[in-house]
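Below is one structure, written out as structure tokens; comments come after it.
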Amino acid sequence: ILTVRSERAPTINCPSAVVRECGNPTNLGDNASWVNSAEGFDFDDTPLVVTSDYTDAAFLNLNCGEEIIVTFTMTNSCNLPISCETTLSLEDTTPPEITCPSEITINATDANAITIIDQWLLSATATDDCTNVMVVPESNTAISDICDSGEMVDVIFEATDECNLVSTCSVTIFINKEGPEISCPSA
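Residues in the sequence shown are numbered consecutively from 1029, following this note's numbering.
Below, the structure written as structure tokens:
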């Protein structure tokens, strides 16, 4: 009977947990390098192939603040599987980019003034590298009576992404309140 005993166990070296910034165009390439950095060695220091259950699809389905657990596995010369786990997380630290509409001047005597302002309030836009974004005037900027409003109304627009990061911009509505001119016929 031959008994072989080793004082050294096989080792697997998982990569450290990592956090990626949402929207970074190098994420998938960085993830591939990260996955390939895992190492495994048999009891005699012979390198072993390490595989993982990481997929780009799983990473691309992450939302900000979420993580996936990646399992790395190797099989030693005695056909014993050895594994380790580590996390890959996604964060979003970049607020959305907001674009305010141009300043607008409205004549108080224009019958369509309120409609024009309401449409103008919907014209702010925003983009985000990571999530959907919503743009709204920061406060209720509804003007129900243009004649009672000031000659300048400052509007602050706020863009909020799904990670609750916020950007704002400000623009002014100018209201021309000059009265109409009237010409009377000569007497």
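Quick reminder that beta carbons are idealized off the backbone N, C-alpha and C, glycines included.
Excluding the 5 residues preceding and the 5 following residue i in the sequence, name in chain order all residues of the same chain whose CB lies nearer than 6 Å to its CB.
i: C1050; result: C1092, L1118, D1120 and C1158
i: P1189; result: The residue asked about is misnamed: residue 1189 is Asp in this sequence, not Pro. For D1189, where only same-chain residues beyond five positions count, the Cβ hits under 6 Å are P1124, D1156, T1159 and V1161.
i: A1181; result: Contrary to the premise, residue 1181 reads as Val rather than Ala in this sequence. The residues are I1201.
i: S1080; result: V1063, V1098 and F1100
i: S1214; result: none
Quick check on residue i: does DSSP put it in helix, strand or coil?
i: S997; result: Residue 997 is absent from the structure shown; the chain starts at 1029 and stops at 1215.
i: I1184; result: strand
i: I1144; result: helix
i: L1118; result: strand
Leaving out five residues on either side along the sequence, give the residues of the same chain with a beta carbon under 7 Å from the beta carbon of residue i.
i: V1047; result: S1117 and E1119
i: I1097; result: E1113 and T1115
i: F1069; result: P1038, T1039, P1075 and L1076
i: W1148; result: P1129 and I1132
If we ignore side chains and look at the alpha-carbon of each, how far apart do residue i and residue j end up?
i: G1178; j: S1211; result: 28 Å
i: N1055; j: S1105; result: 34 Å
i: A1085; j: N1192; result: 24 Å
i: F1087; j: A1187; result: 26 Å
i: N1064; j: L1150; result: 48 Å
i: S1198; j: P1053; result: 31 Å
i: I1145; j: N1204; result: 13 Å
i: E1094; j: A1139; result: 51 Å
i: T1083; j: N1059; result: 9 Å
i: G1057; j: N1107; result: 31 Å
i: E1209; j: T1137; result: 11 Å
i: E1166; j: L1090; result: 29 Å
Using 8 Å for Cβ pairs, my map puts residue i next to residue j. What's the rounded Cβ distance?
i: I1134; j: I1201; result: 6 Å
i: P1109; j: T1099; result: 11 Å between Cβ atoms; not a contact.
i: A1152; j: S1195; result: Wrong, their Cβ atoms sit about 11 Å apart, outside the cutoff.
Sorted by chain position, which residues of the same chain lie with C-beta nearer than 8 Å to residue i's C-beta, five sequence neighbours on each side aside?
i: S1044; result: T1114
i: I1029; result: none
Beta strand (DSSP E) runs wholly inside the segment 1056–1116, at least 3 long, in chain order: If you keep only unbroken beta strand (DSSP E) runs of at least 3 residues inside the segment 1056–1116, you get 1067–1069 and 1095–1103.
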